[in-house]
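Residue numbers (the working numbering): 1217 to 1308.
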C-alpha cells in the first residue's frame, strides 16, 4: 500500500506544479501582449474588473481558435477541442 500512496503523492505534487507553471506562464504571456497603456489601465482595475477582462480575453482567444479550426480533419478537431476543455479547467 505504501508504494500506491507514494505514487499518488507524487502525482498530486506534479499536478500542483503544472497548475502553478501554467498560471505563471499565462500571466507572463498576457503581460507581453499588452501595450504599456493597457498595462497601466489594468493596474488601476479592481480584482473583479481584472478577472472579467481576463475572462473576456480567454473567450476571445477561444473563438479565434475555433474559427481557425473549421477546415480541420474532424478527428483532429475533436482532439483539439478536448485539449481546450482540459486547458479551460485550469483557467483561473
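Yeah, the Cβ is synthetic: ideal placement off N, Cα and C, and Gly gets one too.
Residue i to residue j span [Cα, whole Å]
i	j	result
residue 1256	residue 1262	13 Å
residue 1296	residue 1281	10 Å
residue 1228	residue 1274	26 Å
residue 1264	residue 1294	33 Å
residue 1289	residue 1232	34 Å
residue 1223	residue 1304	26 Å
Pick from the options that is closest to residue i, judged by C-alpha positions
i	options	result
residue 1302	1226, 1222, 1234, 1229	1234
residue 1270	1283, 1254, 1284	1254
CB-CB length for residue i against residue j, believed under 8 Å
i	j	result
residue 1258	residue 1250	7 Å
residue 1300	residue 1278	7 Å
Exposed unless 16 or more other CB atoms sit within 10 angstroms - verdict on residue i
i	result
residue 1298	exposed
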